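Chain order of the listed sequences is A and B. Using our numbering, the first residue of the first sequence is number -19, and each one after it goes up by one. Using our numbering, the first residue of the second sequence is number 496, and each one after it goes up by one. Virtual Cβ for every residue (Gly too), placed ideally from N, Cα, C. Source: prediction; values computed, not measured. For reference, the structure is listed below as structure tokens.
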Amino acid sequence: EPEVTQTPSHQVTQMGQEVILRCVPISNHLYFYWYRQILGQKVEFLVSFYNNEISEKSEIFDDQFSVERPDGSNFTLKIRSTKLEDSAMYFCASSGSGSGYTFGSGTRLTVV
Amino acid sequence: KQEVTQIPAALSVPEGENLVLNCSFTDSAIYNLQWFRQDPGKGLTSLLLIQSSQREQTSGRLNASLDKSSGRSTLYIAASQPGDSATYLCAVRHDQKVTFGTGTKLQVIP
């Protein structure tokens, strides 16, 4: 069964550093998403991406965040200057038209 | 703004019991509703997807129903097993995003 692949599975970074979280969505999907889950809290929407541009973003997705689809397969989330409160599990997801979401297994980001 | 609520927040049942998890949402203009399972510290595993035009979906011991007009969905688990212990999340797709519920943490006691 097709999978969404995320790398790395765990990343530790110092406060103020830039991080890039990587995702390979399912190949024939057209919609891509990033979500995050702070430990013990709800899964929260960050951003959706379609046709090479952001289609919707939440208030969490401020100027410190950016997304990119640098080639035909990868989808990345960049955090420019990490803060302690950015520590969370970050999930990438993709979907086709009318289908459900397929989530990756997540990247656990720890900011120290 | 879409809000998704799950009741109960936690549930503990003996093995073999049938159980129902509840999900309610405030805006009935949805594309679909999806139930996920999440094990501690792990990712999200899709269990069932119900399109907005459908009333229910079944997979093995799982049955999910959707009543869009009343803003409710239920996940029925038959003959629960210890391996079913996890957090169950419902997620409603609307616009270009999905809103998740707070989850129900299920423990099935052997």
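Selection of the segment 582 to 596 of chain B by Cβ proximity to chain A, strictly under 8 Å: Per Cβ criterion, the list reads Leu584, Ala586, Arg588, Asp590, Gln591, Lys592, Val593, Thr594, Phe595 and Gly596.
Pick from A:Val(-16), A:Gly80, A:Ile0 and A:Pro50 that is closest to Gln(-9) (chain A), judged by C-alpha positions: Taking the first sequence and counting its residues from 1, the one referred to as residue -9 (chain A) is at position 11. Closest by C-alpha distance to Gln(-9) (chain A), out of A:Val(-16), A:Gly80, A:Ile0 and A:Pro50, is A:Ile0.
Chain-order list of residues whose beta-carbon lies under 6 Å from that of Thr594 (chain B) (same chain, five-residue window excluded): Residue mapping note: residue 594 (chain B) aligns to position 99 of the second sequence, counting from 1. Answer for Thr594 (chain B): Gln497, Val499 and Val587, listed in chain order.
Among B:Pro503, B:Gln533 and B:Val515, nearest to Ser580 (chain B) - alpha-carbon criterion: Start at 1 with the first residue of the second sequence, and residue 580 (chain B) comes out as number 85. Nearest C-alpha to Ser580 (chain B) among B:Pro503, B:Gln533 and B:Val515: B:Gln533.
By the DSSP assignment, the beta strand (DSSP E) with His589 (chain B) in it spans what residues? Position 94 of the second sequence, counted from the first residue, corresponds to residue 589 (chain B). The continuous beta strand (DSSP E) containing His589 (chain B) extends over residues Ala581 to His589.
Separation of Gln591 (chain B) from Thr82 (chain A), as counted between CA atoms: By one-based count along the first sequence, residue 82 (chain A) stands at place 102. By one-based count along the second sequence, residue 591 (chain B) stands at place 96. Rounded to whole angstroms, Thr82 (chain A) and Gln591 (chain B) show a C-alpha spacing of 15 Å.
Which class does Leu64 (chain A) belong to by DSSP, given the choice of helix, strand or coil? Position 84 of the first sequence, counted from the start, is the residue given in the question as residue 64 (chain A). Reduced to three states, the DSSP call for Leu64 (chain A) is helix.
Counting only C-beta atoms, is Gln529 (chain B) closer than 9 Å to chain A at any point? The residue given as residue 529 (chain B) occupies position 34 in the second sequence. It does; some Cβ of chain A falls within 9 Å.
Note down, in chain order, each residue of its chain lying with its Cβ closer than 7 Å to the Cβ of Ile40 (chain A), except the 5 sequence neighbours on either side. One-based indexing of the first sequence puts residue 40 (chain A) at position 60. Result list for Ile40 (chain A): Glu24 and Leu26, in chain order.
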